[in-house]
Amino acid sequence: LYIFVLQGEMSFEEDCLVEGGCKSLMHNGTGYREVRQYQSDHHLVRFYFVTRIYSSYMKSILEDFRNGLKPDVLIVNSCVWDISRYNSIWLDAYKENLHTFFSELRGILPEETLVIWNITMPLGERINGGFLVQEIEHKSSHLRYDVIDANFFSGTLADAYGMDALDLHFHFRFSLQHRTKDGVHWNTLAHRKITSLLLQHFAQAWGVLLPCPLKTVELSEITAQQQTNENATKPEGVKRAKRAKRSSYNYQNTSNVWGKILDL
């Protein structure tokens, strides 16, 4: 079943648009907002679209957590907008914002909340996504390299602050056929695989035995590049929560693997 949510629409699969989106002006600026929510008798799922990992808007989201219900699970990612839309020299600002975000988050959420930092997936050599406005088109050729650097720092910091890291860059390094033509987004099969990875991560973190293996997308296409790298040191791609046995994940070994991805 191939279904994609349209950006900013009023409802999708029984969720509702709470704020922003088509309720206000639709645009590709850094001030774009979209908050969505799905609620049942047993679940409350909320989605926030952010364009920077720490900002005045992120402060307001953190205040929602501080004063409202505490989530059982928090899945976070912010990268491509951070490193392309604000500063030409982005590294120091991104690292500082990550430090601030992780520090405040740790002080707000209870210890039992499972926080997962999703590491950004591989970008294409040619990008024409909506965030890539005319003013920053010159960055498109090297943005995928910047993402690799940003992934290294964000994953390392997430681990340092006791957060879990799910390395989607690693998991999809040989599945580039599932990336869409804009070089940024991924198709529905890839998103089903992401859902599967997250569910497996939850199960590992909480010590829950899944009733059956979750298999959605077969990502087993073996290439000559994979065979060459078969004996290389590879990160596991999933960092388990502290309440489960933590798997070893050495970010110092990832740069070589990520560097080879770009040659595909």
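Just so you know, we're using the working numbering here: the sequence shown kicks off at 31 and counts up by one.
Yeah, the Cβ is synthetic: ideal placement off N, Cα and C, and Gly gets one too.
Cβ-based burial, His64 [other Cβ within 10 Å; buried from 16]: Position 34 of the sequence shown holds residue 64. In the sequence under discussion, the amino acid at residue 64 is Glu, which differs from the His named in the question. Glu64 is buried by the Cβ-count criterion.
Candidates Leu196, Leu74, Gly61: closest to Asp45 by CA position: The residue labelled residue 45 in the question sits at position 15 within the sequence shown. Ranking the options by Cα distance to Asp45, first place goes to Leu74.
If contacts are defined as beta-carbon pairs under 8 Å, then Val145 and Leu135 qualify, I think. What distance do you get, rounded to the angstrom? On the sequence shown, position 115 is the one that residue 145 refers to. On the sequence shown, position 105 is the one that residue 135 refers to. About 7 Å separates the CB atoms of Val145 and Leu135; that is less than 8 Å, so the two are in contact.
Just confirm the distance between the C-beta atoms of Val177 and Val238, as a whole number of angstroms; I'd bet it's less than 8 Å. Translated into the one-based positions of the sequence shown, residue 177 becomes position 147. Translated into the one-based positions of the sequence shown, residue 238 becomes position 208. Not confirmed; about 32 Å, so no contact.
Nearest candidate by alpha-carbon position, reference Thr60, set Tyr87, Leu47, Ile105: Working through the sequence shown from its first residue, we reach residue 60 at position 30. Nearest C-alpha to Thr60: Tyr87.
Hey, quick one: how far does the beta strand (DSSP E) through Trp216 stretch, first residue to last? For the purposes of this step, residue 216 is taken as the residue at position 186 of the sequence shown. No beta strand (DSSP E) holds Trp216; DSSP gives it neither H nor E.
Where Glu165 falls: helix, strand or coil (DSSP): Indexing the sequence shown from 1 puts residue 165 at position 135. Note: Glu165 maps to helix in three-state DSSP.
Bounding residues of the beta strand (DSSP E) (the contiguous stretch that carries Trp147): Locating residue 147 in the sequence shown gives position 117, counting from the first residue. For Trp147, the enclosing beta strand (DSSP E) stretches over residues 144–149.
Check Tyr62 in the structure and name its three-state DSSP category. Sequence index remark: in the sequence shown, residue 62 carries index 32 (1-based). Tyr62 falls in the coil class under three-state DSSP.
Below 7 Å CB to CB, which residues in the same chain sit around Lys272 once its five sequence neighbours on both sides are set aside? On the sequence shown, residue 272 is found 242 positions in, with the first residue counted as 1. With a pLDDT of 41 at Lys272, under the threshold of 50, the modelled position of that residue is not reliable, and the figure given next carries that caveat. Result list for Lys272: Gly192, in chain order.
Where Ile105 falls: helix, strand or coil (DSSP): Taking the first residue of the sequence shown as position 1, residue 105 is located at position 75. Of the three classes helix, strand and coil, the one that applies to Ile105 here is strand, per DSSP.
Would you say the stretch 107–125 touches the stretch 156–175, given that touching needs at least three Cβ pairs under 8 Å? By the criterion of at least three beta-carbon pairs nearer than 8 Å, the stretch 107–125 is in contact with the stretch 156–175.
Please classify Tyr84: does DSSP put it in a helix, a strand, or coil? Looking up residue 84 in the sequence shown gives position 54. Coil.
Can you look up Tyr191 in the DSSP assignment and give me helix, strand or coil? Numbered from 1 along the sequence shown, position 161 holds the residue referred to as residue 191. Here DSSP, grouped into helix, strand and coil, assigns Tyr191 to coil.
Cβ neighbour criterion (16 or more within 10 Å) applied to Ser133: As a position in the sequence shown, residue 133 is number 103, starting the count at 1. That one is exposed.
In angstroms, rounded to a whole number, what distance separates the CA positions of Thr143 and Phe131? Walking along the sequence shown from the start, residue 143 turns up at place 113. Walking along the sequence shown from the start, residue 131 turns up at place 101. If you draw a straight line from the Cα of Thr143 to the Cα of Phe131, it is about 16 Å long.
With a CB to CB cut of under 6 Å and the five nearest residues on each side skipped, what residues in its chain are close to Asn127? The count along the sequence shown starts at 1 and reaches residue 127 at position 97. Excluding sequence neighbours, Asn127 sits near Ile83, Tyr84.
Just mark Lys223 as buried or exposed, buried being the case when its beta carbon has 16 or more other beta carbons within 10 Å. As a first step, residue 223 must be located in the sequence shown, where it is residue number 193. With 16 or more Cβ atoms within 10 Å of its Cβ, Lys223 is classed as buried.
For a test of the three-state rule: what should DSSP assign to Val247, helix, strand or coil? Numbered from its first residue, the sequence shown carries residue 247 at position 217. Caution applies to Val247, whose pLDDT of 47 falls short of 50 and renders its modelled position unreliable; the value that the coordinates give is listed next. Coil.
Starting from the Cα of Arg66, find the closest Cα among Glu39, Ser90, Lys169 and give me that residue. Your numbering for residue 66 matches position 36 in the sequence shown. Scanning Glu39, Ser90, Lys169 for the CA closest to the CA of Arg66 turns up Glu39.
In angstroms with no decimal places, state the Cα-to-Cα distance between Met151 and Leu99. By 1-based counting over the sequence shown, the position of residue 151 is 121. By 1-based counting over the sequence shown, the position of residue 99 is 69. Between Met151 and Leu99, the C-alpha separation is close to 30 Å.
For Phe42, decide whether its Cβ has a neighbour in chain C, counting only Cβ atoms nearer than 7 Å. Going by chain labels, chain C is absent from the structure shown, which holds only one protein chain.
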